[in-house]
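2 protein chains.
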Amino acid sequence: MTVISPQHADPQALRRLIRSGAHQGPTAGLGGDALQGNLVILPAAEAADFLRYCQQNPRPCPLLAVGAPGDPTLPTLGRDIDIRRDIPRYRVWRDGVLVAEPSDIADLWRDDMVSFLIGCSFSFEDALIAAGIPVRHSAARRNVPMYRTSIMTRPAGPFGGPLVVSLRAMPAADAIEAVRICAGFPLAHGAPVHLGDPSLIGIADLDAPDYGDPPVIEPGDLPVFWACGVTPQAAIEAARPALALTHAPGHMLVTDIPAARAERILTGPGQAL
Amino acid sequence: MTVISPQHADPQALRRLIRSGAHQGPTAGLGGDALQGNLVILPAAEAADFLRYCQQNPRPCPLLAVGAPGDPTLPTLGRDIDIRRDIPRYRVWRDGVLVAEPSDIADLWRDDMVSFLIGCSFSFEDALIAAGIPVRHSAARRNVPMYRTSIMTRPAGPFGGPLVVSLRAMPAADAIEAVRICAGFPLAHGAPVHLGDPSLIGIADLDAPDYGDPPVIEPGDLPVFWACGVTPQAAIEAARPALALTHAPGHMLVTDIPAARAERILTGPGQAL
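Listed below in structure tokens is the structure:
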């Protein structure tokens, strides 16, 4: 287990630790209340289609920022970010197949690389916990269960494929409150996309997730499903670009933006940081 | 069936028709987009406890207005309202038992009578239909199904008893959107109180409602339950006051307030009408 030091709670200090190689683990619970993001990096040739894919599928792929081609900084998300080095662990995909999980991708960076930062569920999970709503996988120290569904995303060029959802099971009254809370976090996947019978969205067996750990479900719980940030990785597997770089699951970019104010800061008028 | 004339679409003209005895039927679909309200009238001796009951149970009993003792007008809800005559059909309760359904209660009015106007579901049903969400009982021209639950309201003096809920069945994605929409109508019972398994709130058989008609449920529908304005009538049955007057189901007070703006008008600062 990571011992959380003051350096782990401050986003900029945490990124410096990560850049130095001193922290290569997951980022859940680190960076104080800072917004965290999923990463996809694609060459410019594929980036235009992928940007359109995200724009058309904002529930699984809410865009926090898109980097300029060849520019590894992300000035709207934080001071002095180097997206090639500031994530603890990356994934390298060649022709849609995962081939490596390095802690640095500086050697793979090119002048035409475009970074996509996509919102993640940590923001709304914190808000749910603050509202007294159980987040059972987190309490059990498991990864969230995720499933491919029969819901197809809107394709853009070669990118497409199934919507991937995450599951959080909870009493029905909490599910109602969770809809209200999460609707206020459109950059963190927003309100759930399905409630109740999993078979209606093509999930045969809740105990056999396609990603993550099996769910923790208490008697009387209602299954609640959110659009999931793993969806773009499924789209990369479908599109088979010659090269794609992503974060490794759970190893996110920690930004300088307070998660609770992300919508206001990133979607308000004008420059914020 | 009522033929809707221009007089039926204008709230003030409709109330004049009702006061004259020319309209004694239900008010669903009448009064244009005007807010409609459930009525409870109690002598001052019981009124204080009932006011506390409503305040403690805002989901089933959202208060639109409380009349001054002995005053049959309701100036915050509409021009020249006479609550003794402006509802098409009333119910008279003695010792908690329904004894009559007159079209006028002027002869039963006393100087200590207090009127309570309580929000109803028509407001949010219109908003659901406008959002393309099916309201199946309405489309089938049935009354909404209502059920006594195992959820107990917060008691105040003699008033208490079970929460009564209304059921609307719909696809899960519509249920999620309905939560978001209805949360914006706190004066019309707000967000649902339960989703999914009816047995978790003490409902044994959806096809045997305690009030209203059996439900219309399509394959794949999720049952969605809202706190219901029949709850105060159950509380009157429990409290058994010597005299209570209410509207007859479906025969509501039609106010001058546009339903979509009711929250802003009635809960904003200062006088609105």
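Going line by line, the protein sequences match chains Y and A. Take 784 as the starting number for the first sequence in the working numbering and just add one per residue. Take 784 as the starting number for the second sequence in the working numbering and just add one per residue. The beta carbon of each residue, even a glycine, is placed where N, CA and C say it ideally should be.
Residue j beta carbon less than 8 angstroms from that of residue i
i: Val947 (chain A); j: Arg931 (chain A); result: yes
i: Asp988 (chain Y); j: Ala817 (chain Y); result: no
i: Val1007 (chain A); j: Arg951 (chain A); result: yes
i: Leu891 (chain A); j: Leu800 (chain A); result: no
i: Pro945 (chain Y); j: Gly995 (chain Y); result: no
i: Pro997 (chain A); j: Glu1046 (chain A); result: no
i: Ala979 (chain Y); j: Ala955 (chain A); result: In the sequence on display, residue 979 (chain Y) carries Gly and not Ala. In contact: Gly979 (chain Y) and Ala955 (chain A) (Cβ atoms closer than 8 angstroms).
i: Leu813 (chain A); j: Leu857 (chain A); result: no
i: Ala1017 (chain Y); j: Gly879 (chain Y); result: no
i: Arg798 (chain Y); j: Ile866 (chain Y); result: no
i: Leu846 (chain Y); j: Cys837 (chain Y); result: yes
i: Val1037 (chain A); j: Gln819 (chain A); result: yes
i: His791 (chain A); j: Pro871 (chain A); result: no
i: Leu949 (chain Y); j: Ser898 (chain Y); result: It should be noted that the sequence gives Ser, not Leu, for residue 949 (chain Y). Against a cut-off of 8 angstroms, the Cβ pair of Ser898 (chain Y) and Ser949 (chain Y) comes out as no contact.
Selected residue, minimal CA-CA separation from residue i, among the options
i: Ala1010 (chain A); options: A:Gly944, A:Ala971, A:Ala1042; result: A:Ala971
i: Ile916 (chain A); options: A:Ala939, A:Gly943, A:Val962, A:Met896; result: A:Val962
i: Pro1015 (chain Y); options: Y:Gly943, Y:Ile959, Y:Asp980; result: Y:Gly943
i: Pro1024 (chain Y); options: Y:Gly979, Y:Pro941, Y:Pro997; result: Y:Pro941
i: Ala1042 (chain A); options: A:Leu860, A:Leu1005, A:Val880; result: A:Leu860
i: His1030 (chain A); options: A:Ser803, A:Val823, A:Gln819, A:Ala796; result: A:Val823
i: Val882 (chain Y); options: Y:Pro852, Y:Leu1026, Y:Gly815; result: Y:Leu1026
i: Asp895 (chain A); options: A:Gly850, A:Gly967, A:Arg842, A:Gly815; result: A:Gly850
i: Leu1049 (chain A); options: A:Pro789, A:Gly902, A:Pro1002; result: A:Gly902
i: Ala966 (chain Y); options: Y:Arg802, Y:Pro841, Y:Gln790, Y:Gly815; result: Y:Pro841
i: Arg1044 (chain Y); options: Y:Cys844, Y:Ser906, Y:Ala991; result: Y:Ser906
i: Asn821 (chain Y); options: Y:Cys844, Y:Arg835, Y:Leu834; result: Y:Cys844
i: Ile1019 (chain A); options: A:Ala974, A:Thr936, A:Gln795; result: A:Thr936
i: Ala830 (chain Y); options: Y:Ala958, Y:Pro789, Y:Gly853; result: Y:Gly853
Proximity test, Cβ basis, 8 angstroms: residue i and chain A
i: Leu847 (chain Y); result: no
i: Thr1038 (chain Y); result: no
i: Val948 (chain Y); result: no
i: Ile959 (chain Y); result: yes
i: Met784 (chain Y); result: With a pLDDT of 45 at Met784 (chain Y), under the threshold of 50, the predicted position of this residue should be treated as unreliable, though the coordinate-derived value follows. No - not a single Cβ of chain A is within 8 angstroms of the one on Met784 (chain Y).
Chain Y contact for residue i (CB, 8 angstroms cutoff)
i: Gly1003 (chain A); result: yes
i: Gly985 (chain A); result: no
i: Arg963 (chain A); result: yes
i: Asp979 (chain A); result: According to the sequence as given, residue 979 (chain A) is Gly; it is not Asp. Answer yes: the Cβ-Cβ gap between Gly979 (chain A) and chain Y drops below 8 angstroms somewhere.
i: Ile1000 (chain A); result: no
i: Pro975 (chain A); result: yes
i: Ala1022 (chain A); result: no
i: Ala966 (chain A); result: yes
Euclidean distance between Cα positions of residue i and residue j
i: Ser933 (chain A); j: Ser982 (chain A); result: 9 angstroms
i: Asp909 (chain A); j: Pro855 (chain Y); result: 50 angstroms
i: Ala828 (chain Y); j: Asp869 (chain Y); result: 24 angstroms
i: Trp876 (chain Y); j: Pro938 (chain Y); result: 20 angstroms
i: Ile984 (chain A); j: His977 (chain A); result: 8 angstroms
i: Ala914 (chain A); j: Arg862 (chain A); result: 31 angstroms
i: Glu1001 (chain A); j: Val918 (chain A); result: 12 angstroms
i: Tyr873 (chain Y); j: Leu1005 (chain A); result: 41 angstroms
i: Asp793 (chain A); j: Pro1032 (chain A); result: 21 angstroms
i: Gly804 (chain Y); j: Ile986 (chain A); result: 58 angstroms
i: Ser921 (chain A); j: His1034 (chain A); result: 16 angstroms
i: Gly959 (chain Y); j: Gln839 (chain Y); result: Reading the sequence as shown, one finds Ile at residue 959 (chain Y) and not Gly. So the alpha carbons of these two residues sit roughly 26 angstroms apart.
i: Gly1003 (chain Y); j: Asp957 (chain Y); result: 12 angstroms
i: Pro975 (chain A); j: Ala811 (chain A); result: 21 angstroms
i: Asp832 (chain Y); j: Ala796 (chain A); result: 59 angstroms
i: Arg893 (chain Y); j: Met953 (chain A); result: 50 angstroms
i: Asp993 (chain Y); j: Pro789 (chain A); result: 59 angstroms
i: Ala848 (chain A); j: Gly815 (chain A); result: 21 angstroms
i: Arg802 (chain A); j: Ile964 (chain A); result: 34 angstroms
i: Ala923 (chain A); j: Leu834 (chain Y); result: 45 angstroms
i: Asp990 (chain A); j: Asp990 (chain Y); result: 32 angstroms
i: Gly973 (chain Y); j: Gly973 (chain A); result: 20 angstroms
i: Gly758 (chain Y); j: Gly1051 (chain A); result: Outside the displayed span of chain Y (784 to 1056) sits residue 758 (chain Y), for which this structure offers no information.
Residue i at chain D interface by Cβ criterion, 8 angstroms
i: Ala955 (chain A); result: As a matter of chain content, chain D is missing from the structure shown, whose protein chains are Y and A.
* To do: For the region 897–914 of chain A and the region 880–887 of chain A, state whether three or more C-beta atom pairs, one from each stretch, are separated by less than 8 angstroms.
  => Touching, no, given that fewer than three Cβ pairs across the two stretches are closer than 8 angstroms.
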